[in-house]
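Here the structure is laid out as structure tokens; the discussion comes afterwards.
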Amino acid sequence: MLKTNNWILGVTGGIGAGKTAITQHLQQKKITVVDADIVAREVVAIGSQGLQAIVNKFGNNILLADGGLDRAKLRAIIFADDHKKQWLDALLHPLIRNTLLTQLNEAQSDYVILSAPLLFENGLERYCDTTLLVDASVETQIQRTTKRDNVDPTQVERIIAAQMPRQEKQKKADYILNNDRPLEESLQALDTLHQTFLTEAKIQQKRHT
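Position in the sequence shown counted from 1, then plus 1, gives you our numbering.
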């Protein structure tokens, strides 16, 4: 169970929307960030039960020379086969969720961030007191991701298509931060939101003291 005195902000955004820059800015303000992407890597690290299950399913060819998971190869497999993607989701989601909840429980900052690109898709918003969508146009997402990861735009388009449509995320989010502009402007808007989140967290804390 989550501790009731932990006020949790769920932060999400599609690939290339700039979510990491936003959460890093809040991290600099001493806010703990529990990142679903990092946790997703931890649950398939060398020696983990998650990695062993993937090897049992796909064979040793799914491994890199050092014994770690070949993420690019796995990504190509699951995006080409819905059944394999469903199998992987069924394996990893419970492992990721349990680790996320543990880390959220242990956070000691004024509020804690649950950062997850698939926050709404995976129902993780149920653990959050409020949610923030880092929003950018599809064109911006594709441009940023192809430049950052040096990948083909078609692959980025497939990833975007597999995620919840931008309009649906906008409907679900409590707050929306437009990140289709210079980062400095986005961070100024974020600073204002940060004060709102601090206030809401303090209100909840007073209710439970």
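Yeah, the Cβ is synthetic: ideal placement off N, Cα and C, and Gly gets one too.
Since we're looking at a predicted model, the values are computed, not measured.
With contacts defined as CB atoms closer than 8 Å, Asp136 and Leu178 qualify as a contacting pair. The alpha helix (DSSP H) runs of length 4 or more contained entirely in the region 178 to 208 are, from start to end of the chain, 184 to 208.
Less than 8 Å separates the beta-carbon of Ile114 from that of Thr33. Ile32 is not bridged by DSSP to any residue.
Per DSSP, reduced to three states, the secondary structure at Ile9 is strand.
Along the length of the region 38 to 74, whole alpha helix (DSSP H) runs at least 4 residues long occupy 50 to 59, reported in chain order.
Beta-bridge analysis with DSSP links Val113 to Ile9, Thr33. Only buried fits Leu134, as 16 or more other CB atoms lie within 10 angstroms of its CB.
Here Ala91 is exposed, its C-beta having fewer than 16 other C-beta atoms within 10 Å. A residue is called buried when at least 16 other Cβ atoms come within 10 angstroms of its Cβ; Pro166 does not meet this threshold and is exposed. Remark: C-beta atoms of Thr132 and Gly11 approach each other more closely than 8 Å.
About 7 Å separates the beta carbon of Pro118 from that of Gly14, a gap short enough to meet the 8 Å contact definition.
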